[in-house]
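**Q** Below: one structure in structure tokens.
There are 2 protein chains.
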Amino acid sequence: MSSSPPSKGRPRDPRSHEAIISATAALVAEMGYAATSIGGVAARAGVGKDTIYRRWPGKPELVFEAVFTTTDQAPIPDTGTLTGDLTVLLQGLVEEFHSPAAAAALPGLLADFAADPSLKARIRSDFLAPSKERLLIVFERAVLRGEIAAGTPVDLVLDTLAGAVFFHIGLVGEHPTPQLAGRLATVIAKGIEIR
Amino acid sequence: MSSSPPSKGRPRDPRSHEAIISATAALVAEMGYAATSIGGVAARAGVGKDTIYRRWPGKPELVFEAVFTTTDQAPIPDTGTLTGDLTVLLQGLVEEFHSPAAAAALPGLLADFAADPSLKARIRSDFLAPSKERLLIVFERAVLRGEIAAGTPVDLVLDTLAGAVFFHIGLVGEHPTPQLAGRLATVIAKGIEIR
Numbered sequence: 001m002s003s004s005p006p007s008k009g010r011p012r013d014p015r016s017h018e019a020i021i022s023a024t025a026a027l028v029a030e031m032g033y034a035a036t037s038i039g040g041v042a043a044r045a046g047v048g049k050d051t052i053y054r055r056w057p058g059k060p061e062l063v064f065e066a067v068f069t070t071t072d073q074a075p076i077p078d079t080g081t082l083t084g085d086l087t088v089l090l091q092g093l094v095e096e097f098h099s100p101a102a103a104a105a106l107p108g109l110l111a112d113f114a115a116d117p118s119l120k121a122r123i124r125s126d127f128l129a130p131s132k133e134r135l136l137i138v139f140e141r142a143v144l145r146g147e148i149a150a151g152t153p154v155d156l157v158l159d160t161l162a163g164a165v166f167f168h169i170g171l172v173g174e175h176p177t178p179q180l181a182g183r184l185a186t187v188i189a190k191g192i193e194i195r
Numbered sequence: 001m002s003s004s005p006p007s008k009g010r011p012r013d014p015r016s017h018e019a020i021i022s023a024t025a026a027l028v029a030e031m032g033y034a035a036t037s038i039g040g041v042a043a044r045a046g047v048g049k050d051t052i053y054r055r056w057p058g059k060p061e062l063v064f065e066a067v068f069t070t071t072d073q074a075p076i077p078d079t080g081t082l083t084g085d086l087t088v089l090l091q092g093l094v095e096e097f098h099s100p101a102a103a104a105a106l107p108g109l110l111a112d113f114a115a116d117p118s119l120k121a122r123i124r125s126d127f128l129a130p131s132k133e134r135l136l137i138v139f140e141r142a143v144l145r146g147e148i149a150a151g152t153p154v155d156l157v158l159d160t161l162a163g164a165v166f167f168h169i170g171l172v173g174e175h176p177t178p179q180l181a182g183r184l185a186t187v188i189a190k191g192i193e194i195r
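Right, dumping it as structure tokens:
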């Protein structure tokens, strides 16, 4: 959630936070989503369950953050071109979806989202919000450079980028080539650029 | 090659086939993927379980065909432009992913694919083959019109089209607008066209 202002005075210990995130990713990769529990994560991270529940409402939120927001703290790409910036964002998605934790987490996470309408309703507004913020800044710079029009639909482009990577790696199970992020970025950038 | 006892030399009855497909889609939409069984489909379709097992190895194959190949028998679009053809293909995907049967089938189907490496290994070669064939013909015509280069990567474009629709409708749960297929088609066509 790199785009949010830093929360001042939050009593969160960054070492516990990092330990919880690492323990979650490791447990999911080793045991699968179903067998991963808040109690198991707490034990592995050396914290109390309450510490986890103060920060995450439940397992889906915790696993999503541990597995699918690994690049949210990275600097927002500013390569000078839309294609370059999208390549960097896509490379992050490729690495996330190609991780053992992602392969282990996805089916159970999708089932939990699908089974709980209140959780599903928060995918766009909560779970995808940090990625959208990053893409919005990339788009703003591309508008200033005259590459794309103001009002280019950021939600639909985000769904296309994430959906392509999810389908290719997470669903079909392709091993990503080094060129994958660049090839997808080239297609999408060209597809939305003013010409 | 089926290991079931041979039938009495009767060719496959297209009415049974259609009845089985309809019963499967209806059962999945009503009861969910987990509660749908080959026995339940057989009873609803008025056929024996053997009749189903002669055609489909198991529930994932049957449900996939019932829910996600509804447009495979439609004429391959030939509108005169790549954007037009992709719009037709995408409209079919939008309708499939927006169906009640798809929403009910997806989490369980994805879990079955993920849990069975031999099933997952057949996604590209078997499950996606008819869609790829259709896209290949659309691409061949676009190459002849000079819109795209020969060798445009059909697998990656198919993953992008299907992934975008899956993510937008199946995962995020967006209600598709009438413009969705055309907007996605315009982006992808422009993204792969020669300019």
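Chains as they are written, first to last, in UniProt numbering: chain L, 1 to 195; chain H, 1 to 195. Just so it is clear, CB atoms sit at the ideal spot from N, CA and C, and this is done for glycine as well.
1. Taking the alpha-carbon of residue 153 (chain H) as reference, which of H:145, H:140 and H:144 has the nearest alpha-carbon?
2. On the three-state DSSP scale, how would you describe residue 121 (chain L)?
3. In terms of alpha-carbon separation, which member of L:46, L:98, L:90 and L:112 lies closest to residue 34 (chain L)?
4. Among the candidates H:106, H:92, H:85 and H:119, whose CA atom is the shortest distance from the CA of residue 136 (chain H)?
5. From residue 96 (chain L) to residue 93 (chain H), what distance separates their C-alpha atoms?
6. With a floor of 3 residues, list each beta strand (DSSP E) that falls wholly inside the region 17-105 of chain H, ordered by position along the chain.
7. Below 8 Å on the Cβ atoms is my guess for residue 114 (chain H) versus residue 27 (chain L); work out the distance and round it to an integer in Å.
8. If we ignore side chains and look at the alpha-carbon of each, how far apart do residue 18 (chain L) and residue 177 (chain H) end up?
9. According to DSSP, simplified to helix, strand and coil, what is residue 192 (chain L)?
10. For residue 148 (chain H), go through chain L and note every residue whose CB falls closer than 8 Å to its CB, in chain order.
11. Shortest alpha-carbon distance to residue 63 (chain L) belongs to which of L:49, L:75, L:79 and L:22?
12. Are the CB atoms of residue 47 (chain H) and residue 201 (chain H) within a distance shorter than 8 Å?
13. Any idea what DSSP makes of residue 172 (chain H), helix, strand or coil?
14. Taking C-beta pairs closer than 9 Å, name the residues in chain H that residue 136 (chain L) reaches, listed in chain order.
15. Any C-beta of chain H within less than 7 Å: which residues of the region 153-170 of chain L qualify?
16. Please identify, using Cβ separations under 8 Å, the residues of the region 81-110 of chain H that lie next to chain L, in order along the chain.
17. At a CB-CB cut-off below 7 Å, which residues of chain L make contact with residue 26 (chain H)?
18. Could you work out which residue in L:116, L:15 and L:156 is closest to residue 188 (chain H) when comparing CA atoms only?
19. In whole angstroms, what separates the C-alpha of residue 168 (chain L) from that of residue 164 (chain H)?
20. Is there a C-beta anywhere in chain L that falls below 8 Å from the one on residue 132 (chain H)?
21. What does residue 120 (chain H) touch in chain L if you count any residue whose Cβ is under 9 Å from its own?
22. Name, please, each residue of chain L whose Cβ falls closer than 7 Å to the Cβ of residue 151 (chain H).
23. Let me know the secondary structure DSSP gives residue 183 (chain H) once reduced to three states.
24. Measure the alpha-carbon distance for residue 230 (chain H) versus residue 99 (chain H) and round it to whole angstroms.
25. Write down the C-beta distance between residue 146 (chain H) and residue 87 (chain H) rounded to the nearest angstrom, noting that I regard them as a contact closer than 8 Å.
26. Can you tell me whether residue 125 (chain L) is buried or exposed, with buried defined as 16 or more other CB within 10 angstroms of its CB?
27. If you draw a straight line from the alpha carbon of residue 121 (chain L) to that of residue 130 (chain H), how long is it in whole angstroms?
28. Quick check on this structure: which residue in L:79, L:43, L:191 and L:128 has the alpha carbon closest to the alpha carbon of residue 138 (chain L)?
29. Excluding five sequence neighbours on each side, which residues of the same chain lie with their C-beta closer than 8 Å to the C-beta of residue 232 (chain L)?
30. What's the call for residue 134 (chain L), buried or exposed, on a 16-neighbour Cβ count within 10 Å?
31. Excluding the 5 residues preceding and the 5 following residue 29 (chain L) in the sequence, name in chain order all residues of the same chain whose CB lies nearer than 7 Å to its CB.
32. Would DSSP call residue 160 (chain H) helix, strand or coil?
33. Any beta carbon from chain H within less than 8 Å of residue 191 (chain L)'s own beta carbon?
34. Just mark residue 128 (chain H) as buried or exposed, buried being the case when its beta carbon has 16 or more other beta carbons within 10 Å.
35. Quick one: list the residues of chain L neighbouring residue 29 (chain H), beta-carbon separation under 7 Å, in chain order.
**A** Walking through what the data contain:
1. H:140
2. DSSP places residue 121 (chain L) in coil when its eight states are reduced to three.
3. L:112
4. H:85
5. 26 Å
6. none
7. That pair is no contact at about 18 Å.
8. 41 Å
9. helix
10. Near residue 148 (chain H) there are no residues of chain L at all, since even the closest Cβ is about 11 Å away, more than 8 Å.
11. L:22
12. Given a span of 1 to 195 for chain H in the structure shown, any question on residue 201 (chain H) remains unanswerable.
13. DSSP places residue 172 (chain H) in the coil class of the three-state scheme, outside both helix and strand.
14. Per Cβ cutoff of 9 Å: no residues; residue 136 (chain L) is ~17 Å from chain H at best.
15. Within the region 153-170 of chain L, the residues whose Cβ lies closer than 7 Å to any Cβ of chain H are, in chain order, 156, 159, 160, 162, 163, 164, 166, 167 and 168.
16. 103, 106, 107, 108 and 110
17. Chain L residues near residue 26 (chain H): none, gap ~19 Å exceeds 7 Å.
18. L:156
19. The straight-line gap separating the alpha-carbon atoms of residue 168 (chain L) and residue 164 (chain H) is approximately 11 Å.
20. no
21. 171, 172 and 173
22. Within 7 Å of the CB of residue 151 (chain H), no CB atom of chain L is found; the nearest one sits about 13 Å away.
23. helix
24. Nothing in the structure corresponds to residue 230 (chain H), since chain H is present only between 1 and 195.
25. Not confirmed; about 19 Å, so no contact.
26. Counting every other CB atom within 10 Å of its CB across the protein chains shown gives residue 125 (chain L) a total below 16, marking it as exposed.
27. Taking C-alpha positions only, residue 121 (chain L) is separated from residue 130 (chain H) by approximately 33 Å.
28. L:79
29. Residue 232 (chain L) lies beyond the residue range present for chain L, which begins at 1 and ends at 195; the question has no answer from this structure.
30. buried
31. Excluding residues within five positions, the ones whose Cβ falls inside 7 Å are 100, 101 and 104.
32. helix
33. yes
34. buried
35. Chain L residues near residue 29 (chain H): none, gap ~14 Å exceeds 7 Å.
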